[in-house]
Amino acid sequence: MSQGPRNRAGGSARPGEVADAEQEFDAYFRARRDAVRRTAYLLCGDWHRADDHAQAAFVALHRHWRRIRDRAALDAWMRRTLVRTVVDETRRPWRRERAADTFPEGVAEGPADGPADAIATRHVLVDGLRAVPPRQRAVLVLRFLEGLDVAATAEVLECSAGTVKSQTAHGLAALRAALGDSLEDLRPAG
Amino acid sequence: MQEHGEADEARIAALFRDAASGAPPPGFDATQVVATSRRITRRRRSAVAGAALAVLAVVGVGVAAGLGGPSDKTVATASGQAADSAASGPGAGSEGAARAAAPEAAGGSGAGPALAAPAPGSSPVAPIGTPLGPGTGECADRQDPALRALVEQTLPEVAGAPEAATTLECRPGGERGVALEVGGGVLTITYLPPGAVTEPPDGARTAPTASGGTVVVASRADRAGDAAPLADRLEPAVAYLAPRL
Chain H
-2 MSQGPRNRAG GSARPGEVAD AEQEFDAYFR ARRDAVRRTA YLLCGDWHRA DDHAQAAFVA
58 LHRHWRRIRD RAALDAWMRR TLVRTVVDET RRPWRRERAA DTFPEGVAEG PADGPADAIA
118 TRHVLVDGLR AVPPRQRAVL VLRFLEGLDV AATAEVLECS AGTVKSQTAH GLAALRAALG
178 DSLEDLRPAG
Chain B
59 MQEHGEADEA RIAALFRDAA SGAPPPGFDA TQVVATSRRI TRRRRSAVAG AALAVLAVVG
119 VGVAAGLGGP SDKTVATASG QAADSAASGP GAGSEGAARA AAPEAAGGSG AGPALAAPAP
179 GSSPVAPIGT PLGPGTGECA DRQDPALRAL VEQTLPEVAG APEAATTLEC RPGGERGVAL
239 EVGGGVLTIT YLPPGAVTEP PDGARTAPTA SGGTVVVASR ADRAGDAAPL ADRLEPAVAY
299 LAPRL
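Protein sequences, first through last, are from chains H and B. Its first residue numbered -2, the first sequence is counted upward by one per residue in my numbering. Its first residue numbered 59, the second sequence is counted upward by one per residue in my numbering.
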């Protein structure tokens, strides 16, 4: 089982400690909410569900907050919780995702070049990510949105560095296959 | 593996950042998070307290029956209650405890027909009464205390296991769920009401339930390649839960 940030020793907290902990949580929440929402969005492809996943992760964090000792591990714990929540959701009986065999309709209709296509470009990538298997998608999001290196990504996903490398390659290949020539910047550099 | 250089990675990262921009206003704030967290904590404490009371009731009745001795009257009463349970549905918790405990105290000869096969572990086996059936809330309870109580009867080792993170998405209220962090992974138990379409995850065990719904029990390991926790317990668990749901 994944280990969260290390817990503080047990015992009842004094009222002052409780207030301090709540303030600390509030500060962390305000600092990280937008980033967590963005990550959740690329993981699931829908802002409403992203908010749902992000909120669930913060709720889980708050429930553990006063027992947390290693605050340096917070971000990794949140990322792990978020990925697990999203991946588990795709495995639930009522919402299982499949890697798409065919390209999403209306996506591969040519390159998006102009500034007016900026919003469309966003949707192209998000739609393409939906065609990537969830674990590979998580690797891509952690590496390219969050900017984590291989080791940090492996720590979040609790897998080996080799797995991260291979899933990065497979994930990019799946994304490129899904997008075709829609996004020039996604083509391998010649 | 296809190599991609730093320039490649920078371009891809820029694409990802752009794709994640343009977020709508957030749909939740810290106040909502804290309120939800506290509500879950209160509910969990209530469920734990209820489970503790039920165990105390079982132990208490068992001790009382043991002190009273295995008289013919005790056996007859226990058997009668057990028989009644099959016909009259769910009794009060203490009645259920009496039905489960009294035959054992009487030497096991009077066990009622409704008692299920013993679950692994030492927890008392609850009788099968009226199935739990669909939830009644507006949204499905992702950490349903009633379902969790049943799960802990058949998998006593998960008692006290921390709840795994779940989404707050409002699912149809008839569904029930439990997701627990257990050694090395996550155990999920889902009840789907009659008519719900089921496509269980790989390795999951499913069974139709007494209320006409479906129970799905699944576990997965945190690390790819590791054995899923409690994998050998899923089958008996689903067999235990199906007649009670």
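Note that the Cβ used here is the ideal one computed from N, Cα and C, for glycine as well.
Element boundaries [alpha helix (DSSP H), containing residue i]
i: Thr212 (chain B); result: 203 to 212
i: Ser163 (chain H); result: 158 to 176
i: Ala135 (chain H); result: 131 to 137
i: Arg60 (chain H); result: 44 to 61
i: Thr150 (chain H); result: 147 to 154
i: Val296 (chain B); result: 292 to 299
Whole-Å CB distance - residue i paired with residue j, under 8 Å assumed
i: Ala254 (chain B); j: Arg35 (chain H); result: Contact flag wrong, Cβ pair sits at about 33 Å.
i: Gly193 (chain B); j: Gly232 (chain B); result: 6 Å
i: Pro203 (chain B); j: Arg101 (chain B); result: 6 Å
i: Leu190 (chain B); j: Arg291 (chain B); result: That pair is no contact at about 20 Å.
i: Leu154 (chain H); j: Val161 (chain H); result: 7 Å
i: Arg122 (chain H); j: Val129 (chain H); result: At residue 122 (chain H) the sequence reads Leu, which differs from the Arg that was named. So it is not a contact: roughly 11 Å between Cβ atoms.
i: Arg119 (chain H); j: Asp76 (chain B); result: 6 Å
i: Gln52 (chain H); j: Val216 (chain B); result: Not really, about 25 Å apart at Cβ, beyond 8 Å.
Exposure label - residue i; buried when at least 16 CB within 10 Å
i: Asp199 (chain B); result: buried
i: Pro83 (chain B); result: exposed
i: Asp280 (chain B); result: buried
i: Glu293 (chain B); result: exposed
i: Asp48 (chain H); result: buried
i: Asp85 (chain H); result: buried
i: His45 (chain H); result: exposed
i: Gly42 (chain H); result: buried
i: Cys156 (chain H); result: buried
i: Val209 (chain B); result: buried
i: Gly13 (chain H); result: exposed
i: Arg69 (chain B); result: buried
i: Ser11 (chain B); result: Shown here, chain B extends from 59 to 303; a query on residue 11 (chain B) therefore has no answer.
i: Asp124 (chain H); result: buried
i: Thr251 (chain B); result: The residue you asked about is not Thr; residue 251 (chain B) is Pro in the sequence shown. When all chains shown are included, Pro251 (chain B) counts as buried.
i: Ala174 (chain H); result: exposed
i: Arg81 (chain H); result: buried
i: Thr78 (chain H); result: buried
i: Thr165 (chain H); result: buried
i: Thr99 (chain B); result: exposed
i: Val15 (chain H); result: exposed
i: Ala81 (chain B); result: exposed
i: Ala148 (chain H); result: exposed
i: Arg60 (chain H); result: buried
i: Arg97 (chain B); result: exposed
i: Arg229 (chain B); result: buried
Beta-carbon proximity check, residue i vs residue j, cutoff 9 Å
i: Glu143 (chain H); j: Ala37 (chain H); result: no
i: Ala24 (chain H); j: Arg63 (chain H); result: no
i: Glu224 (chain B); j: Gly241 (chain B); result: According to the sequence as given, residue 224 (chain B) is Thr; it is not Glu. Contact flag unset, no.
i: Tyr298 (chain B); j: Gln211 (chain B); result: yes
i: Val56 (chain H); j: Thr89 (chain B); result: no
i: Ala300 (chain B); j: Ala265 (chain B); result: yes
i: Ala295 (chain B); j: Leu288 (chain B); result: yes
i: Thr256 (chain B); j: Thr267 (chain B); result: no
i: Leu205 (chain B); j: Ala222 (chain B); result: no
i: Arg134 (chain H); j: Gly159 (chain H); result: no
i: Val83 (chain H); j: Leu40 (chain H); result: yes
i: Glu152 (chain H); j: Ala73 (chain H); result: yes
Terminal residues of the beta strand (DSSP E) in which residue i lies
i: Ala265 (chain B); result: 263 to 266
i: Ile247 (chain B); result: 243 to 250
i: Glu239 (chain B); result: 234 to 240
i: Arg278 (chain B); result: 272 to 279
Taking 8 Å as the cut-off, does the region 22 to 31 of chain H touch the region 122 to 141 of chain H (at least 3 CB pairs, one atom from each stretch)? Remark: fewer than three beta-carbon pairs, one from each stretch, lie closer than 8 Å, so the region 122 to 141 of chain H and the region 22 to 31 of chain H are not flagged as touching.
Is the region 268 to 286 of chain B touching the region 244 to 251 of chain B, taking contact as three or more C-beta pairs under 8 Å? Judged by Cβ distances under 8 Å, the region 268 to 286 of chain B makes contact with the region 244 to 251 of chain B, as three or more pairs qualify.
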